[in-house]
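First up is the structure itself, then whatever we jot down about it.
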Amino acid sequence: MKLYDNKILFWSVFGGLLTAIPTFYIPELNSKVFKQLGIGYEWGLIVGAVIIFEIFVEIYKFMKRRYLKPLEIVEGEGLKRQYSLNEYP
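Take 6 as the starting number for the sequence shown in the working numbering and just add one per residue.
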């Protein structure tokens, strides 16, 4: 699908971002109305967790490509995926 084909979804996401951004970045609205505090070192924790997650995902993908049998195309049955590690010699 193209980005603008689903207009309801596009405008919903756009409207959600448009209403969320002021609650984070306007100081008076942020602290007095919504009672939120800014975050500091937590961004470092988030970035670290994302990096660790990405490393594990890449290791998983490497192991999957290396040790799992690829797709087999069987006439009349479509694609069959076998995830058994015991099939390799």
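By construction, the Cβ of each residue, glycine as well, lies at the ideal position given by its N, Cα and C atoms.
Among residues of its own chain, excluding the 5 on either side of residue 43, which ones have a beta-carbon nearer than 8 Å to its beta-carbon?
As a first step, residue 43 must be located in the sequence shown, where it is residue number 38. These residues qualify, in order along the chain: 35.
Taking a contact to mean a Cβ-Cβ separation below 8 Å, would you say residue 8 touches residue 19 in this structure?
Translated into positions along the sequence shown, residue 8 becomes position 3. Translated into positions along the sequence shown, residue 19 becomes position 14. No, they are not a contact pair.
Residue ranges of each alpha helix (DSSP H) run of no fewer than 4 residues wholly in the segment 22-54, ordered along the chain?
none
7 Å CB neighbourhood of residue 29 in its chain, flanking five on each side removed
Taking the first residue of the sequence shown as 1, we reach residue 29 at position 24. So the qualifying residues of the chain are 35.
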